[in-house]
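For the protein sequence lines, the chains are A, B and C, in the order given. Numbering-wise, the working numbering comes out as the position in the first sequence, counting from 1, plus 63. Numbering-wise, the working numbering comes out as the position in the second sequence, counting from 1, plus 5. Numbering-wise, the working numbering comes out as the position in the third sequence, counting from 1, plus 246. Think of the CB as a built atom: it goes at the ideal place given N, C-alpha and C, for glycine as much as any other residue. Notes for the one structure printed next.
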Amino acid sequence: MGAFFRVAWHVMRKDMTVEIRSREILFTTVLFAVSVVLIFSFAIVREGRAPDDVAAGILWVAISFAGTLAMGRTFERERYNDTLRALILAPADRPAIYMGKLLGLLLLMALVEIILLPLVGLLFSAPIFAYPIMLSMLLAAGTLGFAAVGTLFAAMLVRVRSRDTLLPVLLYPITIPVMIAGVRGTAALFQAAPDEPMARFWIGLLVFWDAIFVTLALWTFEPVMTE
Amino acid sequence: MRKLTTPFIALSAAMLLAAPWIINAAPYESTMGLVQKVFYFHFPSAILFLVSSVICGIHSFRFLFLKRQSADAWALSAAELGLLFGALTLVTGPLWARKAWGVWWVWDPRLTSSLLLFLIFAAYLMLRQYGGPGSDRLAAGMALFGMLNVPFIYVSVNVWRTLHPMTSVVPTLPTDMGIPLWFCFTAFTMLFIALLTLRATLEHQRARVEALYLAEDEG
Amino acid sequence: MKRVMRVMRVMRVWILLATLLGAPTVAVADQPQPPKEFVPVDEVPPGEQIPAINLVAAAYGFVWVAVLGYVWSIAKRLKQVETELADLETRRK
């Protein structure tokens, strides 16, 4: 068990080290997420104001688009430098490599969301500080579910020809339930009369799905990545 | 299973031919009238849609984890049939809904997750088609995630209050409506089994052709 | 392989029968006294009633077309593969 987490930690640290030097993926992803928020805002603004209740939807759309891009790019980096084979050949538990990649992606998305949340709160007057703990739990659980499936699929597709278009095509139908739960829960917290039990329900559902997705992804990573 | 293909197809074709008369003899439903008769095709299609997802998931599991090569052909066939029966369900449903509910579509849990399952099948087939070598393994991994959707679809109408009729409606149908329903259900199921077998046979033959080409190149 | 060819032949006969008999039957099926909601097309007030028969016919029609289309597609591909297989087998000899 200790070895598993040690390997995961090493993989994650490797990714973080590379990323800190260039900060390429972090900056471009954050900027892309901000662009998404702005595009959607302009698309639905009427007479200078956005309709109510769109903040939650826009937030999660930005998270999912930016996340898809980020996961594609982290594995693209491996493919470009041909380090993926080295990873697979390493005498380490394959699922541990998956875990390391997942943790790296989660950290990246957390940084993106830290910037995204205040932006959305600002642009749409959303009460992001009203329920900080529940909101954080919602974001964490939703991002985990999304990233768990995404890391697996991005790894699967790394050597496939049309990987850029296939990743969203494969990822979205499976993670849309996670997105729906995230949006509904966030909307319940953002609305004029916040609905706490509702938000709690969605958090519970998200945690349930996260457990299933992470377990299934850990199982499937090994046979799918063997070539 | 292969020996049954011919009689199954013949029988199901005969039953589907007879279906319009049998459906016609069924009584009209009190609130929905004529348009409710879409139910006799919509319900079997929907059930077989879910069944094909389970079959695809099971064979994907066998292919991926138990390393059974032959399971891959069955997974692919089940996915194609899933696309077909999903299309049937998602077209007959809204046609019924337009008259019964007044709208073509609502975003309730069952319809949404059925649409997502349909998209998952489409994505699976697209991956197999355009993914290049090794995509059978990848698609199998994806199919496992897709299969998780199925229990959710089935249970959703009972958990959430929605426009869609609940699962408890079917066992309580009067006999007049029960007979055409189970008649159509049997016909569709036989068609499903026959098509699944045929499609898997096609896939196996293709594999043989490829093996022969390979042997030719080497020999 | 012969069995598969036989299956295909039987299927073609049934498909032909089904198309010839099924299509007009669905369109012309006798109806008992229609309930109060069902109004024949020429009496519908414009834009108010949706003729249910159109929707039902469209639904059944789509099912028939889709199923037959898929069966035809399998039959075509199967025939292709069979000829290729036979070709390869004779080449091997």
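Is residue i helix, strand or coil by DSSP?
{"i": "residue 38(B)", "result": "strand"}
{"i": "residue 19(B)", "result": "helix"}
{"i": "residue 111(B)", "result": "coil"}
{"i": "residue 78(B)", "result": "helix"}
{"i": "residue 72(B)", "result": "coil"}
{"i": "residue 64(A)", "result": "coil"}
{"i": "residue 177(A)", "result": "helix"}
{"i": "residue 164(A)", "result": "helix"}
{"i": "residue 143(A)", "result": "helix"}
{"i": "residue 86(A)", "result": "coil"}
{"i": "residue 289(A)", "result": "coil"}
{"i": "residue 248(C)", "result": "helix"}
{"i": "residue 45(B)", "result": "helix"}
{"i": "residue 295(A)", "result": "The displayed coordinates of chain A run from 64 to 290. Any statement about residue 295(A) would go beyond what the structure contains."}
{"i": "residue 134(B)", "result": "helix"}
{"i": "residue 254(A)", "result": "coil"}
{"i": "residue 156(A)", "result": "coil"}
{"i": "residue 297(C)", "result": "coil"}
{"i": "residue 240(A)", "result": "helix"}
{"i": "residue 306(C)", "result": "helix"}
By DSSP's criteria, residue i is part of a beta bridge. Which residues make up the other side?
{"i": "residue 112(A)", "result": "109(A)"}
Inspect the beta-carbon positions of residue i and residue j and report whether they are closer than 8 Å.
{"i": "residue 75(A)", "j": "residue 166(A)", "result": "yes"}
{"i": "residue 135(A)", "j": "residue 217(A)", "result": "yes"}
{"i": "residue 214(B)", "j": "residue 335(C)", "result": "no"}
{"i": "residue 127(B)", "j": "residue 68(B)", "result": "no"}
{"i": "residue 172(A)", "j": "residue 131(A)", "result": "no"}
{"i": "residue 146(A)", "j": "residue 78(A)", "result": "no"}
{"i": "residue 132(B)", "j": "residue 143(B)", "result": "yes"}
{"i": "residue 254(C)", "j": "residue 332(C)", "result": "no"}
{"i": "residue 89(B)", "j": "residue 312(C)", "result": "yes"}
{"i": "residue 100(A)", "j": "residue 121(A)", "result": "yes"}
{"i": "residue 192(B)", "j": "residue 21(B)", "result": "yes"}
{"i": "residue 252(A)", "j": "residue 262(A)", "result": "yes"}
{"i": "residue 108(B)", "j": "residue 302(C)", "result": "no"}
Output, in chain order, the set of chain A residues within a Cβ distance shorter than 8 Å of residue i.
{"i": "residue 57(B)", "result": "The premise fails here: residue 57(B) is roughly 16 Å from chain A at the closest Cβ pair, so nothing lies under 8 Å."}
Listing by chain order, which chain B residues have their CB less than 9 Å from the CB of residue i?
{"i": "residue 124(A)", "result": "What residue 124(A) touches in chain B: nothing, since even the nearest Cβ is about 16 Å away."}
{"i": "residue 151(A)", "result": "Result: empty, since nearest Cβ-Cβ is about 13 Å, beyond 9 Å."}
Can you tell me whether residue i is buried or exposed? The criterion is at least 16 other CB atoms within 10 Å of its CB, across all chains shown.
{"i": "residue 265(A)", "result": "buried"}
{"i": "residue 92(B)", "result": "buried"}
{"i": "residue 144(A)", "result": "exposed"}
{"i": "residue 82(B)", "result": "buried"}
{"i": "residue 98(A)", "result": "exposed"}
{"i": "residue 289(C)", "result": "Model confidence at residue 289(C) stands at a pLDDT of 46, short of 50, so the residue's coordinates are unreliable; what they give is reported in the following sentence. By the neighbour-count rule (16 or more Cβ atoms within 10 Å), residue 289(C) is not buried but exposed."}
{"i": "residue 188(A)", "result": "exposed"}
{"i": "residue 260(A)", "result": "exposed"}
{"i": "residue 79(B)", "result": "buried"}
{"i": "residue 136(B)", "result": "buried"}
{"i": "residue 204(B)", "result": "buried"}
{"i": "residue 274(C)", "result": "For residue 274(C), the predicted model reports a pLDDT of 47, less than 50, meaning its position is unreliable and no value from the coordinates is stated."}
{"i": "residue 45(B)", "result": "buried"}
{"i": "residue 197(A)", "result": "buried"}
{"i": "residue 156(B)", "result": "exposed"}
{"i": "residue 292(C)", "result": "Its pLDDT being 48, under 50, residue 292(C) is placed unreliably by the model, and the measurement read from it follows with that caveat. Residue 292(C) comes out exposed."}
Which residues in chain C have a C-beta closer than 8 Å to the C-beta of residue i? List them in chain order.
{"i": "residue 210(B)", "result": "324, 327, 328, 331"}
{"i": "residue 93(B)", "result": "308, 309, 312, 313"}
{"i": "residue 101(B)", "result": "301, 305"}
Quick one: which chain B residues come within Cβ less than 7 Å of residue i?
{"i": "residue 257(C)", "result": "14"}
{"i": "residue 219(A)", "result": "143, 146"}
Check the Cβ of residue i against every Cβ in chain A and list those closer than 7 Å, keeping chain order.
{"i": "residue 132(B)", "result": "229, 233"}
Since residue i meets chain C, which of its residues come closer than 7 Å, beta carbon to beta carbon?
{"i": "residue 46(B)", "result": "305, 306, 309"}
Whose Cβ in chain B lies nearer than 8 Å to the Cβ of residue i?
{"i": "residue 121(A)", "result": "Neighbours of residue 121(A) on chain B: none; closest Cβ ~18 Å, over 8 Å."}
{"i": "residue 287(A)", "result": "69, 142, 143, 145, 146"}
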